[in-house]
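Q: The structure's right below; bear with me while I get my questions together.
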Amino acid sequence: MLTESEKEEIAEEVKRAGHARAACVDALRIVQRRRGWVCDEALREVAALVDMTPAELDSVATFYSLIYRKPVGRHVILLCDSVVCWVMGHETALEHLTRRLGITLGETTADGRFTILPTACLGACDRAPAMMVDEEIHGDLTPEKIDRILEQYR
Amino acid sequence: MEKPLTKMMRPDGEPLSLGEYEAAGGYQALRKALGAMTPTAVVEEVKKSNLRGRGGAGFPTGLKWGFMPKADRVRRPRYFVVNADEMEPGTWKDRMLMEGNPHQVVEGALLGAYAVEADVGYIFLRAEYAKAARVLRRAIAEAYGAGYAGKNVLGSGWALELSLHISAGRYMCGEEMGLINALEGRRANPRNKPPHPQLAGLWGLPTIVSNTETVCNAPHIILNGAEWYKGISRSSDGGTKIYGASGKVKRPGLWELPMGTPLREVLEEHAGGMRDGLKFRGVLPGGASTDFLGPEHLDVKMDFDSVPKAGSRMGTGTMIILDDHTCPVGMVRNLERFFARESCGWCTPCRDGLPWAAQVLDAIEEGRGEPGDLDVLADLCRLMAPGHTYCALAAGAVEPLQSALKLFREEFERHIRDKRCPWR
């Protein structure tokens with residue numbers, strides 16, 4: 001299941017961390033970076049490499065909001081729903097995204113292009129409301145601006 | 155007005171290179187400490203400076219560092235961790251410090267590590283701060299290259315391995331013991347204290363966890379001295395503070411100002427006051443987990459001793475403003491939903507109390523509230539009070555709720571009486 005390069009990269013993290021299990025989040029991310037998410041089979045193999053049982057590793061994987069244990073779209077939209085964004089118009093941004101993409105929080109578009117997830121404060125409160133698409137933060141969201149942003153991600 | 159933390163930064167906020175940082179006096183404090191000061195002398199200087207932890211609790215930093223047991227051969231390695239898991243809603247001061255001057259964070263980490271005689275250092279960064287990750291990774295590599303980190307730091311014989319840990323979400327990772335569990339590859343549940351991490355932290359070994367803004371102060375204290383540091387403050391807490399304001403103010407932003415700057419000055423002079431047509435209604439002075447203050451508290455000095463006298467906490471010093479066109483009940487509902495989602499579930503009052511509070515607030519906001527609901531909320535505040543849970547997440551969640559129940563009582567009652575939210 002895991003490729004040689006994934007195994008090598010995980011082994012490197014384990015070596016760097018000193019304690020195998022300390023590398024578990026990095027290891028999950030190595031898999032996720034290539035596959036988009038972490039399936040059961042990959043999780044079982046990663047567990048062996050970081051010296052944890054699959055159940056133990058899954059308990060850690062499911063703790064984190066940014067380790068995906070279900071498939072996600074090519075681009076993940078993290079829409080901030082914390083207090084400053086709420087004051088500044090999070091609900092309008094959510095309504096627009098939902099209508100425009102035809103999906104709601106936690107869902108993926110039929111063409112596999114986008115998944116929308118809620119997220120805690122992104123630390124972009126001076127540009128609220130804000131969202132993060134992949135690694136990029138976009139602020140001062142308006143319906144028109146959201147449309148322009150979505151065009152950038154194919 | 156002195157601005158040690160931000161004066162070197164470029165106007166565009168792009169990171170200072172190693173060369174630019176050195177040219178502006180960077181790493182001189184580390185040279186001074188390693189060349190002429192014992193670790194104990196560094197701790198003593200920080201104690202004298204009255205630097206208090208900038209993560210929100212305001213614990214005196216020198217005292218915290220001084221709690222590390224004396225270094226011995228057996229209990230090693232010793233750890234120094236920079237908490238860069240900035241996830242307090244309304245707070246982005248550490249992001250600005252890391253993105254604008256990553257070497258200042260690295261030098262602060264190195265000084266802290268030297269002060270407590272650590273062997274291993276971590277910067278624990280939240281995953282969403284992708285730019286900070288890029289610039290910090292580079293800064294750490296440059297610090298190794300220049301001999302500031304590694305086997306024999308600046309030829310002093312002291313060895314320090316420094317690395318960046320990138321987390322994967324969840325507010326709880328910023329809690330001291332949760333962070334330590336996360337670094338060990340466990341769920342970020344809290345641990346009981348005592349033992350404190352200085353005695354039994356990461357892997358059971360002596361560990362210090364200090365906030366990013368806190369450690370950024372260390373180079374300036376060491377280079378210019380505790381007396382200078384106290385002198386640039388307007389309060390008994392030393393130094394400057396990165397204050398912030400967000401919500402419907404004219405100019406949301408961050409400003410480095412003397413510690414003890416009054417709330418009104420930050421709001422009116424720096425944030426430009428409220429947007430036209432809006433009135434100030436209330437403020438969370440230091441992030442989501444602080445009590446609301448009202449218009450009668452605007453003259454409070456923003457420092458760790460003054461804000462509690464007004465009934466709140468300084469927290470992270472980045473204030474969130476409530477205006478008169480925004481529903482206070484809706485705002486509190488948003489806050490409690492956040493805390494309910496972010497609870498790790500380890501302690502029963504937090505795991506069960508927060509969703510309960512959020513549901514009651516949902517009902518009130520959606521017009522299904524009942525007269526007894528406010529008593530239920532008050533009871534939940536008592537149930538989740540400090541001391542009932544391992545960490546401060548629940549206690550922090552209670553702060554905006556209990557204060558809103560007092561400050562905006564008539565709004566809650568109106569929602570219940572009219573069976574609707576008047577702002578919708």
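Heads up: the protein sequence lines correspond to chains L and P, in order. So in the numbering used here, spot 79 of the first sequence is number 79, and the numbers just go up one at a time. So in the numbering used here, spot 10 of the second sequence is number 164, and the numbers just go up one at a time. No residue lacks a Cβ here, since even glycine has one placed at the ideal position from N, Cα and C.
Tell me the rounded alpha-carbon separation between G426(P) and R405(P).
A: The residue given as residue 426(P) occupies position 272 in the second sequence. The residue given as residue 405(P) occupies position 251 in the second sequence. Roughly 6 Å between the two C-alpha positions.
Q: Determine the extent of the beta strand (DSSP E) in which F434(P) is found, giving its start and end residues.
A: Residue 434(P) sits at position 280 when you count from the first residue of the second sequence. Where F434(P) is concerned, the enclosing beta strand (DSSP E) stretches over 434-438.
Q: Span of the beta strand (DSSP E) holding G216(P)?
A: Position 62 of the second sequence, counted from the first residue, corresponds to residue 216(P). No beta strand (DSSP E) holds G216(P); the alpha helix (DSSP H) holding it covers 215-220.
Q: Is there contact between the region 414-432 of chain P and the region 517-529 of chain P, where contact requires at least three CB pairs shorter than 8 Å?
A: In short, these stretches do not touch, since the Cβ pair count stays below three.
Q: Rounded to whole angstroms, what's the CA-CA distance from N488(P) to H569(P)? Just pull it up for me.
A: Position 334 of the second sequence, counting from 1, holds the residue named residue 488(P). Position 415 of the second sequence, counting from 1, holds the residue named residue 569(P). Answer to the nearest angstrom: the Cα atoms are 16 Å apart.
Q: Can you tell me which of the three DSSP states V454(P) falls into?
A: Position 300 of the second sequence holds residue 454(P). Here V454(P) sits in coil by DSSP.
Q: What does H19(L) reach in chain P if we use C-beta pairs closer than 8 Å?
A: In the first sequence, residue 19(L) corresponds to position 19, counting from 1. The answer, in chain order, is E338, G339, W357.
Q: For the candidate residues P71(L), G139(L), F114(L), whose alpha-carbon lies nearest to that of L122(L)?
A: Taking the first sequence and counting its residues from 1, the one referred to as residue 122(L) is at position 122. Nearest option by C-alpha distance: G139(L).
Q: Return the residues of the region 25-48 of chain L that lie within a Cβ-Cβ distance of less than 8 Å from chain P, sorted by chain order.
A: If the cut-off is 8 Å between Cβ atoms, the region 25-48 of chain L has V25, D26, L28, R29 near chain P.
Q: Residue ranges of each alpha helix (DSSP H) run of no fewer than 4 residues wholly in the region 270-306 of chain P, ordered along the chain?
A: Within the region 270-306 of chain P, the complete alpha helix (DSSP H) runs of at least 4 residues are 284-299.
Q: K202(P) lies in the alpha helix (DSSP H); which residues open and close that run?
A: On the second sequence, residue 202(P) is found 48 positions in, with the first residue counted as 1. It spans 193-202 - the alpha helix (DSSP H) in which K202(P) sits, taken as one unbroken run.
Q: Can you name the start and end residues of the alpha helix (DSSP H) that L559(P) belongs to?
A: In the second sequence, the residue the question calls residue 559(P) occupies position 405. Taken as a continuous stretch (DSSP letters only), the alpha helix (DSSP H) holding L559(P) covers 547-561.
Q: From G212(P) to K7(L), what distance separates their C-alpha atoms?
A: The count along the second sequence starts at 1 and reaches residue 212(P) at position 58. The count along the first sequence starts at 1 and reaches residue 7(L) at position 7. Spanning the two alpha carbons is a distance of roughly 43 Å.
Q: Note the first and the last residue of the continuous beta strand (DSSP E) segment covering T394(P).
A: If you number the second sequence from 1, residue 394(P) lands on position 240. Taken as a continuous stretch (DSSP letters only), the beta strand (DSSP E) holding T394(P) covers 394-400.
Q: Roughly how many angstroms lie between the CA atoms of L353(P) and G220(P), to the nearest whole one?
A: Looking up residue 353(P) in the second sequence gives position 199. Looking up residue 220(P) in the second sequence gives position 66. So the two alpha carbons sit approximately 12 Å from each other.
Q: Determine contact between the region 166-174 of chain P and the region 247-260 of chain P, defined as no fewer than three beta-carbon pairs at a distance below 8 Å.
A: Taking 8 Å as the limit for Cβ pairs, the verdict is that the region 247-260 of chain P does touch the region 166-174 of chain P.
Q: Measuring only between beta-carbons, confirm whether E107(L) sits less than 8 Å from chain P.
A: Along the first sequence, one-based indexing puts residue 107(L) at 107. Closer than 8 Å: no.
Q: Confirm, please, whether the CB-CB distance from M155(P) to P576(P) is below 8 Å.
A: Taking the first residue of the second sequence as position 1, residue 576(P) is located at position 422. Taking the first residue of the second sequence as position 1, residue 155(P) is located at position 1. Contact: no.
Q: Going by C-alpha to C-alpha distance, which of K455(P), Y268(P), K247(P), G180(P) sits closest to V307(P)?
A: For the purposes of this step, residue 307(P) is taken as the residue at position 153 of the second sequence. V307(P) has its Cα closest to that of Y268(P), out of K455(P), Y268(P), K247(P), G180(P).
Q: Looking only at DSSP bridge pairs, what is G441(P) linked to?
A: For the purposes of this step, residue 441(P) is taken as residue 287 along the second sequence, with counting starting at 1. Paired residues: P439(P).
Q: Going along chain P, which residues have a C-beta under 8 Å from V133(L)?
A: For this step, residue 133(L) is matched to residue 133 along the first sequence. Neighbours of V133(L) on chain P: none; closest Cβ ~11 Å, over 8 Å.
Q: Tell me the rounded alpha-carbon separation between L337(P) and F234(P).
A: Counting from one through the second sequence, the residue named residue 337(P) turns up at place 183. Counting from one through the second sequence, the residue named residue 234(P) turns up at place 80. Going by the C-alpha atoms only, they are around 12 Å apart.
Q: Anything in chain L within Cβ reach of N488(P), meaning under 7 Å, just list it in chain order.
A: Against the second sequence, residue 488(P) aligns to sequence position 334. Under the 7 Å cutoff, chain L gives V83, W86.
Q: Identify the contact partners of V60(L) in chain P, using a Cβ-Cβ distance below 7 Å as the criterion.
A: Along the first sequence, one-based indexing puts residue 60(L) at 60. In chain order: G339, R340, R341.
Q: Taking CB distances under 8 Å as the criterion, tell me whether E240(P) reaches chain L.
A: Walking along the second sequence from the start, residue 240(P) turns up at place 86. It does; some Cβ of chain L falls within 8 Å.
Q: Got a sec? Which residues, its chain only, sit under 6 Å from S466(P) by beta carbon, not counting five neighbours each side?
A: Stepping through the second sequence from its first residue, residue 466(P) is reached at position 312. Here the set comprises P439, T444, D445, L447.
Q: Keeping to the same chain, check which residues put their C-beta closer than 7 Å to that of V133(L); ignore five residues upstream and five downstream.
A: Taking the first residue of the first sequence as 1, we reach residue 133(L) at position 133. H75, I77, I149, Y153.
Q: At 4 residues or longer, what runs of the alpha helix (DSSP H) sit wholly inside the region 346-415 of chain P?
A: Correct list: 351-354, 366-378, 380-385.
Q: Who are M131(L)'s beta bridge partners in DSSP?
A: Within the first sequence, numbered from 1, the residue matching residue 131(L) stands at position 131. In DSSP, M131(L) forms a bridge with L79(L), H138(L).
Q: Determine the chain P residues that contact D126(L) at a beta-carbon separation under 9 Å, and present them in chain order.
A: For the purposes of this step, residue 126(L) is identified with residue 126 of the first sequence, where counting begins at 1. Ordered by position in chain P, the residues that pass the 9 Å Cβ test against D126(L) are W246, G398, A399, S400, R405, P406, G407, L408.
Q: I'd like to check one pair, N365(P) with N237(P): are the Cβ atoms closer than 8 Å?
A: As a first step, residue 237(P) must be located in the second sequence, where it is residue number 83. As a first step, residue 365(P) must be located in the second sequence, where it is residue number 211. Contact: yes.
Q: Could you please tell me which residues of the region 466-480 of chain P, in chain order, have their CB closer than 9 Å to any CB of chain L?
A: Listed by position along the chain: T472, I474, I475, L476, D477, T480.
Q: Within 8 Å (strictly less), CB to CB, does S5(L) reach chain P?
A: Here residue 5(L) refers to the residue found at position 5 of the first sequence. False, the Cβ-Cβ gap to chain P never drops below 8 Å.
Q: Which value, in whole angstroms, describes the spacing of the CA atoms of N343(P) and I375(P)?
A: Numbered from its first residue, the second sequence carries residue 343(P) at position 189. Numbered from its first residue, the second sequence carries residue 375(P) at position 221. When rounded, the distance between both Cα atoms is 34 Å.
Q: Under a Cβ-count criterion, where at least 16 other Cβ atoms within 10 Å of its own Cβ denotes burial, should P482(P) be classed as buried or exposed?
A: The residue you call residue 482(P) lines up with position 328 of the second sequence. By the neighbour-count rule (16 or more Cβ atoms within 10 Å), P482(P) is buried.
Q: Roughly how many angstroms lie between the CA atoms of G244(P) and Q182(P), to the nearest whole one?
A: Against the second sequence, residue 244(P) aligns to sequence position 90. Against the second sequence, residue 182(P) aligns to sequence position 28. When rounded, the distance between both Cα atoms is 33 Å.
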